[in-house]
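Below is one structure, written out as structure tokens; the observations come after it.
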Amino acid sequence: MDDSKGLEVLLSTHKDHRIRLFAARSLGRACRGCSSRALVRALDDPIPSVRHAAISALGRTGDYEALEALRKPLKGRSCYTRGLAARAWLEISGLPSSKMENLELLMDLLCSGDEHVKKAILDIGESAVDFLTKKLKADSYPTRQQAAQTLALHFRDLLDRSPPGEYPFRTSAVSAQDIASLYSFRIIRKGGIVDKVENSGFDAISKTLCGRDGAVQLSLFRHSRPQLTKRANEAESEDDIVSYDLDELLSKHGAKFWRRMGRTLVASFGHGCVAIKLCRDAGDRKKLLAEARMQKFLKGFGISSHLPVPQGSLIKVDGLPPALRSAIGISELEPHGICYTAKRDYFVYLGDPRLSTEGLRKGMITCAHDLAHLARCGLIHTSLIPLSHRRGLEGGDDVYRWSRKLAGRLEDWQESCRYPNLRLSGIADLEHINVYEKISSQELFEHAGLHLLSMSLVLGCYFRSRGSFKRDELSSLMKGSFHEYYRAFTCQETSTLDCCIAWEDLADRMAEEMGGEKHRNIDENHLGRLNGPFPLPELIRAIHLTSLFSVLELQAQNR
Numbered sequence: 000m001d002d003s004k005g006l007e008v009l010l011s012t013h014k015d016h017r018i019r020l021f022a023a024r025s026l027g028r029a030c031r032g033c034s035s036r037a038l039v040r041a042l043d044d045p046i047p048s049v050r051h052a053a054i055s056a057l058g059r060t061g062d063y064e065a066l067e068a069l070r071k072p073l074k075g076r077s078c079y080t081r082g083l084a085a086r087a088w089l090e091i092s093g094l095p096s097s098k099m100e101n102l103e104l105l106m107d108l109l110c111s112g113d114e115h116v117k118k119a120i121l122d123i124g125e126s127a128v129d130f131l132t133k134k135l136k137a138d139s140y141p142t143r144q145q146a147a148q149t150l151a152l153h154f155r156d157l158l159d160r161s162p163p164g165e166y167p168f169r170t171s172a173v174s175a176q177d178i179a180s181l182y183s184f185r186i187i188r189k190g191g192i193v194d195k196v197e198n199s200g201f202d203a204i205s206k207t208l209c210g211r212d213g214a215v216q217l218s219l220f221r222h223s224r225p226q227l228t229k230r231a232n233e234a235e236s237e238d239d240i241v242s243y244d245l246d247e248l249l250s251k252h253g254a255k256f257w258r259r260m261g262r263t264l265v266a267s268f269g270h271g272c273v274a275i276k277l278c279r280d281a282g283d284r285k286k287l288l289a290e291a292r293m294q295k296f297l298k299g300f301g302i303s304s305h306l307p308v309p310q311g312s313l314i315k316v317d318g319l320p321p322a323l324r325s326a327i328g329i330s331e332l333e334p335h336g337i338c339y340t341a342k343r344d345y346f347v348y349l350g351d352p353r354l355s356t357e358g359l360r361k362g363m364i365t366c367a368h369d370l371a372h373l374a375r376c377g378l379i380h381t382s383l384i385p386l387s388h389r390r391g392l393e394g395g396d397d398v399y400r401w402s403r404k405l406a407g408r409l410e411d412w413q414e415s416c417r418y419p420n421l422r423l424s425g426i427a428d429l430e431h432i433n434v435y436e437k438i439s440s441q442e443l444f445e446h447a448g449l450h451l452l453s454m455s456l457v458l459g460c461y462f463r464s465r466g467s468f469k470r471d472e473l474s475s476l477m478k479g480s481f482h483e484y485y486r487a488f489t490c491q492e493t494s495t496l497d498c499c500i501a502w503e504d505l506a507d508r509m510a511e512e513m514g515g516e517k518h519r520n521i522d523e524n525h526l527g528r529l530n531g532p533f534p535l536p537e538l539i540r541a542i543h544l545t546s547l548f549s550v551l552e553l554q555a556q557n558r
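For the sequence shown, numbering that gives the first Met the number 0 gives the first residue as 0, with consecutive numbering after it.
Next up, the structure:
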């Protein structure tokens, strides 16, 4: 006890905040009740770290007298402080009972992050649900987050209790509008530029509604499983791989010259083209062989995209000029690749400003349908465009995470959209299709959202490259693409998206942020300021809702 008294004196009187911090932490390891008063006084310490240590220590040593002192930090402005106070309160007194008179207190204790608090609130019944619904309009976004995430748990419970064969949103138990109301945001501008974005916790809401531990059992494979690894009867050694000379291939197909598109050489003939996709190193061989097999496998799979016709397996390429080898970055002594024929529009990219709007619409609808149709079957395209938070980082690009707590700035977005695997003929580069027999709901949600984000960026890039954004056209294209993705993913003709997404307002904001006019004097090649947020929370919200509704429908079909 003498040691505790000495620590109390240090905490109350010492001028060095480091000593006071040490004293607060040490008192937290002392016996319960022996040091509560000194710790309560320390809640008014001028140094935040000392106050925080005192709050945490009260949770371990405080008694019921300390609870009254914790009410002030429970109502504080800092989310971190409120969380510490809530956890300390629960350590001292335990979880309050599920009674209406405890509802305000339970709401404050949500900051603790303890899932039992959410359940205690929902156990109160409909009056608590009504209370939480009103909190969705609170001025404080942390309050909105807590209310929205608790209601998400309630809606997930309703979905889990729906009878087998009953799809979401078909009954009055939970509607699409109910779920959409959880996703709110606020934009804070500085000098006309989006400086900060607050939202109701999109990531946590979607994770809860997807079902944290649930998995969707996908309907693949009613068809035979694609054999993407090497078979015994295919080329096993260098001696079995056929060599082709570039001029020989031109002559064979009646083409005149090669043009380079990335690492692919393309030569046109008649209404088609012949292409050689080259390996940059030996590690690419397996990927390209898988692509050739996927081209064969997807024939008759119910997709509208044009599928190239592979000309055998791996080949060696002779006659490749040194300058071309260097430009492509080929490290192999003997270049390898795959050869295929395709329609000419296979190499027409959807971001090409020379495309008519109607051509763009047709191509994007084809891509949306096929991406979603394949995804619901467990064939997921994982690389439509390269996206990055920060390019040029040591160790490679920082892959963009659209669904993180707050999506960040997107670098070089137009460059990312120059050569998308979204073509006039449909989806392309099938080496990036991963095969799943079973996948978690959350992972499937992430993939669907990445598809939708990539499509949206390519649409924005198209209008940016043309020099003008036409609101009606962009709105119609966004709506049509998202609807087609949802319909193909769920096999449902009717969509709930229109009652939840304001397409014209979304198009206006996309034109504002992607048009470039307001960013002339800063980073016009990027979406968002340096170290800032992604400036289109409207788009992120639309992607969350479309991906979530798609996954929920598929969950119901697999129930």
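Using N, Cα and C, we set each Cβ at its ideal position, and we do this for glycine too.
Here the structure is a predicted model, which is why all the values come from computation and not from measurement.
(message) For Gly589 and Cys272, I'd like the C-alpha separation in whole angstroms.
(response) The question about residue 589 has no answer here: the residues shown for the chain are numbered 0 through 558.
(message) Taking the beta strand (DSSP E) that Asp194 belongs to, which residues open and close that run?
(response) Residue 194 sits at position 195 when you count from the first residue of the sequence shown. Residues 192-198.
(request) May I ask you to report which of helix, strand or coil DSSP gives Arg470? (result) To locate residue 470, count along the sequence shown from 1; it is residue 471. Note: Arg470 maps to helix in three-state DSSP.
(message) Please report the distance separating the alpha-carbon of Leu423 from that of Pro536.
(response) By one-based count along the sequence shown, residue 423 stands at place 424. By one-based count along the sequence shown, residue 536 stands at place 537. Roughly 29 Å separates the two Cα atoms.
(request) Measure the C-alpha to C-alpha separation of Ala367 and Arg292 and round it to an integer number of angstroms. (result) By 1-based counting over the sequence shown, the position of residue 367 is 368. By 1-based counting over the sequence shown, the position of residue 292 is 293. Rounded to whole angstroms, Ala367 to Arg292 spans 22 Å at the Cα level.
(message) Between Leu277 and Leu313, how many whole angstroms is the CB-CB distance? I'm expecting something under 8 Å.
(response) If you number the sequence shown from 1, residue 277 lands on position 278. If you number the sequence shown from 1, residue 313 lands on position 314. Actually they do not touch by this definition, with Cβ atoms about 11 Å apart.
(request) Mind checking which residues open and close the alpha helix (DSSP H) that includes Arg463? (result) Along the sequence shown, read from residue 1 onward, the residue named residue 463 stands at position 464. DSSP places Arg463 inside the alpha helix (DSSP H), whose first and last residues are 440-465.
(request) Just grab the DSSP bridge partners of Pro309 for me. (result) Residue 309 sits at position 310 when you count from the first residue of the sequence shown. Pro309 pairs with Tyr339.
(request) Could you please give me the residues that DSSP links to Asp513 through a beta bridge? (result) Taking the sequence shown and counting its residues from 1, one reaches residue 513 at position 514. According to the sequence displayed, residue 513 carries Met and not Asp. DSSP lists no partner for Met513.
(message) With a threshold of 8 Å on Cβ separation, who are the neighbours of Leu219 within its own chain once the five nearest residues in sequence on each side are excluded?
(response) Looking up residue 219 in the sequence shown gives position 220. Any reading at Leu219 must be qualified, since the residue scores a pLDDT of 49, below 50, and its modelled position is unreliable; the value itself is stated next. Hits under 8 Å: Cys376, Gly377, Leu378, Val434, Tyr435, Glu436.
(request) Run through the segment 47-119 for me and flag every whole beta strand (DSSP E) of 3 or more residues, listed as ranges in chain order. (result) Correct list: empty.
(message) Would Leu538 and Ser455 be called neighbours here (beta carbons separated by less than 8 Å)?
(response) Position 539 of the sequence shown holds residue 538. Position 456 of the sequence shown holds residue 455. Yes, the Cβ-Cβ distance between Leu538 and Ser455 is below 8 Å.
(request) Taking only runs that begin and end inside the segment 234-280, name each unbroken beta strand (DSSP E) of 3 or more residues, in chain order. (result) 241-244, 258-260, 263-268, 271-277
(message) Does any residue of chain D have a CB that is nearer than 8 Å to the CB of Lys133?
(response) Absent from the structure is chain D; it holds one protein chain and no more.
(message) Applying the 10 Å Cβ sphere with the 16-neighbour rule, what's the burial state of Val241?
(response) Residue mapping note: residue 241 aligns to position 242 of the sequence shown, counting from 1. It is exposed - the Cβ of Val241 has fewer than 16 other Cβ atoms within 10 Å.
(request) Using the Cα positions of Gly328 and Val116, report the straight-line distance between them to the nearest angstrom. (result) Against the sequence shown, residue 328 aligns to sequence position 329. Against the sequence shown, residue 116 aligns to sequence position 117. About 57 Å.
(request) Could you pull the start and end residues of the alpha helix (DSSP H) that Phe184 belongs to? (result) Locating residue 184 in the sequence shown gives position 185, counting from the first residue. Looking at the DSSP string, Phe184 is not in any alpha helix (DSSP H); the run it does join, the beta strand (DSSP E), is 184-189.
(message) Suppose you measure from the CA of Trp412 to the CA of Leu526; what does that come to, to the nearest Å?
(response) Position 413 of the sequence shown, counted from the start, is the residue given in the question as residue 412. Position 527 of the sequence shown, counted from the start, is the residue given in the question as residue 526. In a straight line, the C-alpha of Trp412 is about 7 Å away from that of Leu526.
(request) Inspect the beta-carbon positions of Ser480 and Met363 and report whether they are closer than 8 Å. (result) Position 481 of the sequence shown, counting from 1, holds the residue named residue 480. Position 364 of the sequence shown, counting from 1, holds the residue named residue 363. Closer than 8 Å, so yes.
(message) Cutting at 7 Å between CB atoms, please list the residues of its own chain near Ala151, excluding the five before and the five after it.
(response) Position 152 of the sequence shown, counted from the first residue, corresponds to residue 151. Here Ala151 has Leu181, Ile204, Thr207, Leu208 as same chain residues with Cβ atoms under 7 Å from its own Cβ, once five neighbours each way along the sequence are excluded.
(request) State the DSSP-derived secondary structure class of Leu421, mapped to helix, strand or coil. (result) For the purposes of this step, residue 421 is taken as the residue at position 422 of the sequence shown. Under the three-state reduction of DSSP output, Leu421 falls in the strand class.
(request) Name the residue from Tyr79, Gly407, Thr263 whose alpha carbon lies nearest to the alpha carbon of Tyr339. (result) Position 340 of the sequence shown holds residue 339. Comparing Cα-Cα distances from Tyr339 to each of Tyr79, Gly407, Thr263, the minimum goes to Thr263.
(message) Is it buried or exposed, Leu12, if we count other Cβ atoms within 10 angstroms and call 16 or more buried?
(response) Along the sequence shown, one-based indexing puts residue 12 at 13. First, the amino acid is wrong: residue 12 is Thr here, not Leu. Its Cβ having fewer than 16 others within 10 Å, Thr12 is exposed.
(request) Just tell me which of Ser35, Arg81, Arg324, Lys342 has its CA closest to the CA of Tyr63. (result) Stepping through the sequence shown from its first residue, residue 63 is reached at position 64. Residue Ser35 is the option with its Cα nearest to Tyr63.
(message) Among Phe268, Phe462, Ala274, Val193, whose alpha-carbon lies nearest the alpha-carbon of Arg353?
(response) Residue numbering aside, residue 353 sits at position 354 when the sequence shown is read from its first letter. The option with the nearest alpha carbon to Arg353 is Phe462.
(request) Keeping to the same chain, check which residues put their C-beta closer than 7 Å to that of Leu452; ignore five residues upstream and five downstream. (result) Position 453 of the sequence shown, counting from 1, holds the residue named residue 452. These residues qualify, in order along the chain: Trp401, Ile542.
(request) My understanding is that Lys559 touches Pro532, with C-beta atoms under 8 Å, so please give their C-beta distance in whole angstroms. (result) Nothing in the structure corresponds to residue 559, since the chain is present only between 0 and 558.
(request) Rounded to whole angstroms, what's the CA-CA distance from Lys298 to Leu306? Just pull it up for me. (result) As a working note, residue 298 is residue 299 in the sequence shown. As a working note, residue 306 is residue 307 in the sequence shown. If I take the Cα positions, the gap works out to 7 Å.
(request) Name the two residues that bound the continuous beta strand (DSSP E) containing Leu386. (result) In the sequence shown, counting from the first residue as 1, residue 386 sits at position 387. Here Leu386 belongs to no beta strand (DSSP E), and DSSP marks it neither H nor E.
(message) Can you list, in chain order, the residues of its chain with a C-beta nearer than 7 Å to that of Phe130? Leave out the 5 residues immediately preceding and following it.
(response) Sequence index remark: in the sequence shown, residue 130 carries index 131 (1-based). The residues are Leu102.
(request) Inspect the beta-carbon positions of His372 and Gly301 and report whether they are closer than 8 Å. (result) Your numbering for residue 372 matches position 373 in the sequence shown. Your numbering for residue 301 matches position 302 in the sequence shown. Contact flag set, yes.
(request) Specify the secondary structure class of Gln554 as computed by DSSP and reduced to three states. (result) On the sequence shown, position 555 is the one that residue 554 refers to. It is helical.
(message) Can you find the residues in the same chain that come closer than 8 Å, C-beta to C-beta, to Val308, ignoring five residues on each side of it along the sequence?
(response) Here residue 308 refers to the residue found at position 309 of the sequence shown. Once the five neighbours on either side are set aside, the close Cβ partners of Val308 are Gln294, Tyr339, Thr340, Ala341.
(request) Tell me whether the beta-carbon of Cys499 lies closer than 8 Å to the beta-carbon of Gly350. (result) Walking along the sequence shown from the start, residue 499 turns up at place 500. Walking along the sequence shown from the start, residue 350 turns up at place 351. In this structure, Gly350 does not lie closer than 8 Å to Cys499 by Cβ.
(request) Would you kindly report the start and end of the unbroken alpha helix (DSSP H) that includes Ile178? (result) Taking the first residue of the sequence shown as 1, we reach residue 178 at position 179. That run of the alpha helix (DSSP H) goes 175-179.
(message) Tell me the rounded alpha-carbon separation between Glu165 and Leu553.
(response) Indexing the sequence shown from 1 puts residue 165 at position 166. Indexing the sequence shown from 1 puts residue 553 at position 554. Whole-angstrom Cα-Cα distance: 11 Å.
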